């Protein structure tokens, strides 16, 4: 499930950054990307809530590396999209 929710997090900011769209549409794509990011990270916690210690350690590592990567990716392309939208 987190992988399915992670695909829009990777795709939506890139679409917002490279396609010529109105400012409102760019902001909607950016907001949708962060919405799917929160759903993705919440689903990781939900599926590992009642797990043993090793699974919890894996969850912490997943949050650390996965969340940092997804946040950096989404923020970078979202910033590019917003800057391009302001220049139009």
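In full-length UniProt numbering, the protein residues as written are 1 to 88. Where a beta carbon is used, it is the ideal one built from N, C-alpha and C, also for glycine. As the structure is a prediction and not an experimental result, all values here were calculated from the model.
Cα-Cα separation between residue i and residue j, rounded to whole angstroms
i: residue 65; j: residue 21; result: 32 Å
i: residue 10; j: residue 77; result: 9 Å
i: residue 60; j: residue 8; result: 22 Å
i: residue 40; j: residue 87; result: 32 Å
i: residue 6; j: residue 36; result: 7 Å
i: residue 54; j: residue 48; result: 10 Å
i: residue 70; j: residue 52; result: 26 Å
i: residue 38; j: residue 72; result: 14 Å
i: residue 17; j: residue 58; result: 33 Å
Contact set for residue i: own chain, Cβ-Cβ below 8 Å, skip 5 residues either direction
i: residue 82; result: 26, 27 and 30
i: residue 15; result: 29
Supposed close pair residue i, residue j - CB separation, criterion 8 Å
i: residue 19; j: residue 74; result: Wrong, their Cβ atoms sit about 16 Å apart, outside the cutoff.
i: residue 43; j: residue 80; result: No, residue 43 and residue 80 are not in contact; Cβ-Cβ is about 27 Å, not under 8 Å.
Neighbourhood of residue i by C-beta, 7 Å cutoff - its chain only, sequence neighbours within 5 removed
i: residue 85; result: 23 and 26
i: residue 62; result: 44
Residue burial classification, residue i (beta-carbon count within 10 angstroms, cutoff 16)
i: residue 56; result: exposed
i: residue 45; result: exposed
Cβ neighbours of residue i in the same chain (closer than 6 Å, five flanking residues each side left out)
i: residue 13; result: 33, 74, 77 and 78
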